[in-house]
Amino acid sequence: MSRNEKRASGRRWAWLLVLLAALAVGGWAGYTRWQAAQLEKQAQAAFQQGETLRGLGKMEEAAGFYQEAVEIKPDYAQAWANLGVVRAAGEQYSEAASSFDKALELNPGIFEARIGLALCMGGLGNFAEAEANYKKAIKLRPDFAEIYYSLGYLYQQQNLYEEAVPQYEKALQLKPTFVPALANLGKVQQLMHNPGEAIAWYQRALAISPREGPLHLDLGNSYLDLADYAAAKAAYQQAVELGVQSGRLFHNLGVITQQEGSLEAAKNYYRRALQLDTTYAETYYRLGTTMEKLGEELQAAALYFRTLRVDPDYPSAYYNLAQLYFRQGRAEEGQQIMKIFQDLKEYERQRKDKAATLEKNPRDPQAAYGLGMVHFDYKRYKKSREFFEQALKLNPDFAPAREKLAETDNLKPPAAAPSN
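Numbers 394 to 813, taken from my numbering, label the letters of the sequence shown in order.
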């Protein structure tokens, strides 16, 4: 074979190799595309099965199919989002948050993942992250009333009442018949000591939904704060007619009838309240004062002791017990109880002072910590934890609150209240 023929043959083999390589690559690419299409179909089928089960309310089963979808197709953002939704429905907030995070990493514009992450952060007590995610959700859907409502409710739970108000009002601009927003506007005005404004919001809510028994109860509470006993009683009775059975409702009816001088009626209301709720110390105390006015001092004393078993820090119960002992000639016992009363009054003075500071500065972790320290110094460790935890919700890096919270784990509460 001549040199030219050899060169030509070599070129043919080279082109053949290139052709074979191209065919191989093309075949492999085709196979890869086919395989990807098959996986896409499998992931979509699992996703649709999850959707069907979620629509039937079968959240646990739906979660299994959404999980299968993301295992087949790890970049399936909507499946991650829906997996978060069903986990959040089961209050598995940590797991749900992880799913929402993954969905948002893949697609930051998935609204339900953003709002779901906000809800989870709220459920986990991470106020700052919850607030930030609600605000991001608002940017995605600024015309969605429920986001403003949810952000308002987050603020309400954190005692940020003034910040809750404009969120509820914005929700109502978008959805004027949004009864939960109307009701919560009434609630926050009540909590801000504005019963007149609260009444106006409750009445607007009731104009839309007149058979909401709990709204009549809240309306009655606002009238009671204004000492409008007739209106309060009418609202409470309407709540009862609509099926509300609340210890606090019957307690308040007892307060009204006691103020009116109807002691037997008050006694019956307080007893009914205690049948529904045995944990409200003030009901035992007020029943005790009623029995004392009816001349039943032994029963009154027993009720004051019961008050103190429910709430060992109830000053008026100590005071009334001491006065009963003095009248019975038990001066030494009366003086001992008066000493407890005086100590509690100082504790109450400090508590109210710090509580007022926190009310003025509800976003200040130092204010929450300061109130916690009052409880801590008086060995009310359970109560102190509530405010140390609140400080950490406001600022997760607030080290003094974290240290005190850990310290309370190993501390014992004070001795129990005196017994009869």
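The beta-carbon is built from N, C-alpha and C at its ideal position, and this holds for glycine as well.
Small disclaimer: the values here were computed from a predicted structure and weren't measured.
Contact annotation: the region 560-573 touches the region 535-545, with at least three C-beta pairs closer than 8 Å.
Per DSSP, the unbroken alpha helix (DSSP H) holding LYS528 starts and ends at 520-533. Counting the other CB atoms within 10 Å of its CB gives LYS738 a total below 16, which places it among the exposed residues.
Secondary structure of GLN551 (DSSP, three-state): coil. Put simply, the backbone Cα of ASN475 is about 44 Å away from that of ALA666. Classified as exposed, ASN500 has fewer than 16 neighbouring CB atoms from the shown chains inside 10 Å of its CB. In this structure, the alpha-carbon of ALA496 lies about 10 Å from that of LEU510. By the Cβ rule, the region 777-796 does not count as touching the region 671-683, because fewer than three pairs are nearer than 8 Å.
Contact between VAL572 and SER602 holds: CB atoms are separated by about 5 Å, below the 8 Å threshold. Runs of the alpha helix (DSSP H) lying entirely within the region 486-519, each at least 4 residues long, are 486-499, 504-516 in chain order.
In chain order, ALA436, ALA439, PHE440, GLY443, TYR469, ALA472 place their CB closer than 7 Å to the CB of ALA462, counting only its own chain and leaving out the 5 sequence neighbours on each side. The shortest C-alpha to C-alpha distance from VAL633 to any of GLY613, ARG664, LEU751, GLN651 is the one to GLY613.
Per DSSP, THR801 is one residue of the alpha helix (DSSP H) stretching across 792-801. Distance from the CA of LYS626 to the CA of LYS568, rounded to the nearest whole angstrom, comes to 32 Å. Rounded to the nearest whole angstrom, the CA to CA distance from PRO806 to LEU547 is 31 Å. With contacts defined by Cβ atoms closer than 8 Å, PHE504 and ALA523 do not form a contacting pair. With contacts defined as CB atoms closer than 8 Å, VAL637 and LEU610 qualify as a contacting pair. HIS586 sits in coil when the DSSP states are folded into three classes, being neither helix nor strand.
By the criterion of at least three beta-carbon pairs nearer than 8 Å, the region 759-768 is not in contact with the region 722-734. Within 10 angstroms of the beta-carbon of PRO588 lie 16 or more other beta-carbons, which makes it buried. A distance below 8 Å separates the beta carbons of PHE493 and ALA506. For LEU656, the enclosing alpha helix (DSSP H) has its first and last residue at 656-669.
If you draw a 10 Å sphere on the C-beta of PRO705, you find 16 or more other C-beta atoms in it, and that means buried. Here the alpha carbon of TYR707 sits roughly 39 Å from the alpha carbon of SER487.
In the three-state reduction of the DSSP assignment, ASP621 falls in the coil class, being assigned neither a helical nor a strand state. Non-local beta-carbon contacts of ALA456 in its own chain, meaning distances under 7 Å to residues more than five positions away in sequence, involve LEU476, VAL479, ARG480 in chain order. Here the C-alpha atom of GLN692 lies approximately 33 Å from the C-alpha atom of SER777.
Counting other Cβ atoms within 10 Å of its Cβ, PRO758 reaches 16 or more and is therefore classed as buried.
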